[in-house]
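Everything below concerns the one structure shown next.
Numbering (the UniProt record's numbering), first residue to last: 1 to 230.
Written as structure tokens, this is what we have:
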């Protein structure tokens with residue numbers, strides 16, 4: 001689905017981008033609804049999606065081993081679904097009035113971001129926005145909300161945003177690895193120490209995603225309904 005940010009009067013922050021969302025699961029079925037042009041688009045983007053998924057699963061497997069969760073912990077429903085989001089940020093006449101993407105954390109499990117060669121990504125650290133310069137032949141890996149929850153806050157999802165550029169267009173490809181809608185998300189029991197309690201209750205991923213969308217990606221409001229108190 002192609003989206004244009006045009007409803008400026010409704011936005012708290014004016015967003016300056018076009019985006020194309022490509023569902024990738026199941027790939028053989030999803031590819032049928034992808035654009036057919038330019039030539040070989042489906043073939044090339046499908047190949048990229050397959051390799052991005054492999055990379056993400058390898059990272060998840062290494063995290064699983066590092067936490068002592070055992071091989072395959074993040075397999076099956078926890079990493080079943082995937083979406084590729086292509087963002088294009090045209091040159092903006094006045095970048096001070098716009099953002100490419102407003103402040104948020106990713107709601108999924110893990111994100112593999114291809115930045116391209118143009119700067120635009122910023123990460124919030126200690127109350128300040130830190131620029132993430134693009135590196136040639138490198139990806140940015142973002143921890144999503146679900147990985148933070150499963151780790152019982154041992155891993156942190158970073159708030160980030162995209163800024164616009166006066167003279168140069170920027171195009172990025174973000175590959176999101178998601179749980180299935182009915183996947184039960186909860187802190188891994190083996191990651192809850194004897195002197196601590198689970199921070200979150202169990203819930204279905206779809207429940208979280210609906211609240212995340214309703215809260216427009218607000219960091220605290222997105223996770224608050226799923227926290228255990230007391």
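Note that the Cβ used here is the ideal one computed from N, Cα and C, for glycine as well.
If you're wondering where the values come from, they're calculated on a predicted model, not measured in any experiment.
May I ask you to list the residues that DSSP assigns as paired with residue i?
| i | result |
| --- | --- |
| residue 128 | 125 |
| residue 200 | 227 |
| residue 185 | 203 |
| residue 101 | 162 |
| residue 112 | 141, 175 |
| residue 23 | 83 |
| residue 155 | Looking at the DSSP assignment, residue 155 forms no beta bridge with any residue, so it has no partner. |
| residue 69 | Answer is none; residue 69 lacks a bridge partner. |
Quick check on residue i: does DSSP put it in helix, strand or coil?
| i | result |
| --- | --- |
| residue 74 | coil |
| residue 87 | strand |
| residue 175 | strand |
| residue 192 | coil |
| residue 107 | coil |
| residue 95 | helix |
| residue 8 | Summary for residue 8: the model assigns pLDDT 46, below 50, so the residue's position carries little reliability, and this model does not support an answer. |
Is it the case that the Cβ atoms of residue i and residue j are separated by a distance below 8 Å?
| i | j | result |
| --- | --- | --- |
| residue 79 | residue 179 | yes |
| residue 46 | residue 177 | no |
| residue 152 | residue 187 | yes |
| residue 172 | residue 115 | yes |
| residue 139 | residue 112 | yes |
| residue 145 | residue 107 | yes |
| residue 154 | residue 191 | yes |
| residue 98 | residue 22 | no |
| residue 84 | residue 175 | yes |
| residue 147 | residue 86 | no |
| residue 71 | residue 61 | yes |
Below 7 Å CB to CB, which residues in the same chain sit around residue i once its five sequence neighbours on both sides are set aside?
| i | result |
| --- | --- |
| residue 120 | 89, 100, 162, 163, 165, 170 |
| residue 77 | 179, 180, 183 |
| residue 102 | 13, 15, 161 |
| residue 219 | 105, 159 |
Which two residues bound the contiguous alpha helix (DSSP H) that contains residue i?
| i | result |
| --- | --- |
| residue 64 | 41-66 |
| residue 211 | 205-214 |
| residue 147 | 145-150 |
| residue 135 | No alpha helix (DSSP H) holds residue 135; DSSP gives it neither H nor E. |
| residue 27 | 27-30 |
Once you ignore the five residues that flank residue i on each side, which residues in its own chain have a CB closer than 6 Å to its CB?
| i | result |
| --- | --- |
| residue 104 | 217 |
| residue 124 | 159 |
| residue 118 | 168, 170 |
| residue 42 | 31, 34 |
| residue 222 | 212, 215 |
| residue 131 | 122 |
| residue 208 | none |
| residue 305 | Not covered by the structure: residue 305. The range shown for the chain is 1 to 230. |
| residue 17 | 5, 87, 89, 100 |
| residue 202 | 184, 186 |
| residue 25 | 81, 82 |
| residue 129 | 122 |
Please list, in chain order, all residues of the same chain as residue i whose beta carbon is under 8 Å from its beta carbon, the five residues on each side excluded.
| i | result |
| --- | --- |
| residue 199 | 149, 152, 153, 187, 227, 228 |
| residue 156 | 143, 148 |
| residue 68 | 190 |
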